[in-house]
Structure formats: C-alpha cells, structure tokens
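Visitor: Residue numbers (this note's numbering): 338 to 674.
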Amino acid sequence: MNLQKPKMEMDLTEQKDEVMVLYEIYRNKLFEFDEKHSKGQISNAIELNGSVIKIGVSKRTINDNHEREIHLSKDLDHIPPISLAFEFPDNYPSLSMPKFSLSCLWLNSKQILLLEENLESLWNENKGSVILFNWITFLQNEVLEFLDFEKEIIIEEKDVSSLFNTPLKFIQELESYDVSRKEGIFHESLFTCNICFQDKFGKECVQFKGCDHVYCNICMSSYFETKIQEGSESGIVCPTHECSVEALPTQIKELVSEKLYSDYENGLIEMSLRGMIDVIRCPMRHCRVPTIIDLKSNSGECPSCRFVFCSNCLCTFHGLNPCKVPREKQRELMDKC
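1) Which stretch, first to last residue, makes up the alpha helix (DSSP H) that contains residue 591?
2) Using the three-state DSSP reduction, which class does residue 477 fall into: helix, strand or coil?
3) Could you round the C-beta distance between residue 485 and residue 415 to whole angstroms and report it? I think they count as a contact, below 8 Å.
4) Kindly indicate the opening and closing residues of the alpha helix (DSSP H) around residue 506.
5) For residue 424, which beta-bridge partners are listed by DSSP?
6) When you compare the CB positions of residue 348 and residue 417, do they come within less than 8 Å of one another, or not?
7) According to DSSP, which residues form a beta bridge with residue 371?
8) Quick check: the Cα distance between residue 558 and residue 521, rounded to an integer number of angstroms?
9) Evaluate contact between the stretch 447 to 465 and the stretch 355 to 365, counting only Cβ atoms and requiring at least three cross-stretch pairs below 8 Å.
10) May I have the straight-line CA-CA distance separating residue 595 from residue 473, to the nearest angstrom?
11) Going by C-alpha to C-alpha distance, which of 453, 464, 452, 408 sits closest to residue 433?
12) Spatial neighbours of residue 529 within its chain, please: CB distance less than 6 Å, with the 5 preceding and 5 following residues excluded, ordered by chain position.
13) Between which residues of its own chain and residue 562 is the CB-CB distance below 7 Å, once the five residues before and five after are set aside?
14) I think residue 646 touches residue 636, with their Cβ atoms under 8 Å apart; what is that distance to the nearest whole Å?
15) Quick check on residue 381: buried or exposed, where buried means 16 or more other Cβ atoms within 10 Å of its Cβ?
16) Taking Cβ to Cβ, would you say residue 388 is nearer than 8 Å to residue 352?
17) Using DSSP's beta-bridge definition, name the partner residues of residue 490.
18) With a threshold of 8 Å, are at least 3 pairs of Cβ atoms found where one atom belongs to the stretch 569 to 580 and the other to the stretch 603 to 617?
19) Specify, as a first and last residue, the run of the beta strand (DSSP E) that residue 618 falls within.
20) Let's test the definition: count the other Cβ atoms within 10 Å of the Cβ of residue 642 and tell me whether it reaches 16, buried, or not, exposed.
21) Within the same chain, show all residues whose beta-carbon is closer than 7 Å to that of residue 553, passing over the 5 residues directly before and after it, in chain order.
22) Going straight from the alpha carbon of residue 441 to that of residue 391, what length do you get?
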C-alpha cells in the first residue's frame, strides 16, 4: 500500500483550504493564485495604525555616529507593500515550506534577506502547518518594528531602485502610492452626506480638500449647477456654513454637463480679466482673445488676429489723434470687454 499518496492528497487539501481562506480575507485585488502551477502572490498594505511615517533618502554618512544627511524626505500615511511571491511544493505543508521571494520598493537587498530569514524561522516554528497567513501577518503588522523603522525609514541613495533615475522620482512614486491608497480607502468607506443625510460610499461622494467635508454626488451636482447658473463670481465653496474651502475644478467638471462647466470656466476667466488693468478682449467679434494693453500708448495688438486697436475707443489704433468715440461711449465699450 502506498502511504505517500494519502499524505499528498492531505497536503493538496490543506493547500486548497488555505488558498480559499486567503481569498476570503484579502479578496482578488490583493491575493492572486495560479491553481494550475500552485503559485501565487500577495501584496498587502502595511499597517501604520493611523500614524504618519517619515520616509527619506540619505546622501552620505557625516560622522562616526552614523548621523546621515537627509536631502529628501516626506511624511506619508501609507507606504507601498512588501510583495510575497510563493509556490507550493507537493509535500507542503507536511514536510516542506513554500518556495518564496520578497520584493519592495523601499527595502535594500540586505533588509530583504533579513525578512526572508525571519519567514524561514516562522516556518521552522510551525512546521507541518499552513504558514502563509503567519507570513502575511508578519509582513503587514510587524515588519517595521522588526527592521527598527517604527518612526522613520531612511534609504541610502545608492539603494534607491534602478527603476528611478533620481531620488526625487523615488519619493514622488511613494507620494503617488500614498495618494492612491487614500483615495481607495475613501471610496470603500461609508459617509453620511451633510446635505441629504443619507449614507453613501465614498465612491459616490465628493470630499472637499482642506476641510474634509463630504457630500454625495447627487447633492453636489445640484449644488454646483445652481451656483454656476447664479453666475458665481469666484470659485464654488463648500456648502457647510462659514466654510471657505473651494471645490477643485476636477470635482466640478465630473458632476456637471460639459456646457455648464464651460460656462463656469468662462466666468472665472472673465472675473480674472476684470481684475487686470492691462488686459482686455480683442474688439473683433469673431476673435475676442484676451490682449495685453500698452498703458503708455493706450494700444493693444491681438496675439491671435493681429488687430491693432485703441484701448479707449476699441477702434483701429489712431496714434496721437484723439478718439472719435465720445467718452461716455468709451466707458460703455470698456465695460463690455
């Protein structure tokens, strides 16, 4: 009787059960598994427990005390995950641990090796049992303390991934991940609209940057449309009483029609032009391009149609000759520009 076969079948059953549990916990977007080749990958977010961590690039060691000159740094709420790639051997978990490798943007090869050694130690402590959840828990919750990175992560310039030409691009990549992660958390979280008081997921809402007030898209669409139709003289501010934070143009554009947003943009342009004493629109009806005025000669040349005109009467520039249009009419013409 072949005793090896039942053991292999038990291993296969445990592998399938482990994968099924991980799918339930982390969902497809974080956990991938190729059943045909018994291998997969997981990239789970590292828990910072609501705290901010400083991540920086050091240029060189200054003295024997290992004080480092940090020439680029950024405070982040979220940092890119450590990716765990794994492959199940036939005799896992009864005899062998999974083959695995780690990768991470902000860790050097020495730090990766330390983590891999610790994963092997965790296996040795739990040999014969499924291990992936233990590994993932360590990489998610304990890795910063293990590497003494609880308050800050300082990376030597020489260790910055070759994927980035400069340390600045590296920091920008980390910032981009931080922003993306915040947006993802917002979209999946539940909020109460401050206007209709209905509960909506963040993906159905607008959050004003700076005050963090949240409203549902339906209420904001109506609010933006009303403000634009009323002829708002400036940016559209948050509806909360006495809040002066303005909505981003992209937020407005997403929730109103193309024509209405065009009206809003044109209104802002007109408001800006009215505040500029040396800029008026070209008098030609088919043109109307903003034109810089020479205040000494009271003349302007349209950058589009090249029409040269008097900024007082808006007729063809007449040099030192007085305007033929009465002063009252000049004021009326200027108001129209």
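For every residue, glycine included, the Cβ atom is placed at its ideal position computed from N, Cα and C. Please read all numbers here as calculations on a predicted model, not as lab measurements.
Guide: Taking the geometry as given:
1) In this chain, the alpha helix (DSSP H) harbouring residue 591 covers 586 to 592.
2) The answer is helix: DSSP assigns residue 477 an H, G or I state.
3) Residue 485 to residue 415, Cβ: 20 Å. No contact.
4) Its alpha helix (DSSP H) spans residues 504 to 525.
5) 376, 436
6) no
7) 376
8) 22 Å
9) Touching, no.
10) 47 Å
11) 464
12) 536
13) 593, 597
14) 7 Å
15) buried
16) Their beta carbons are not under 8 Å apart, which means residue 388 does not touch residue 352 by this criterion.
17) 392
18) yes
19) 616 to 618
20) exposed
21) For residue 553, same chain residues with a beta-carbon under 7 Å away, outside a window of 5 residues either side, are 530, 533, 535, 537, 541, 542 in chain order.
22) 17 Å
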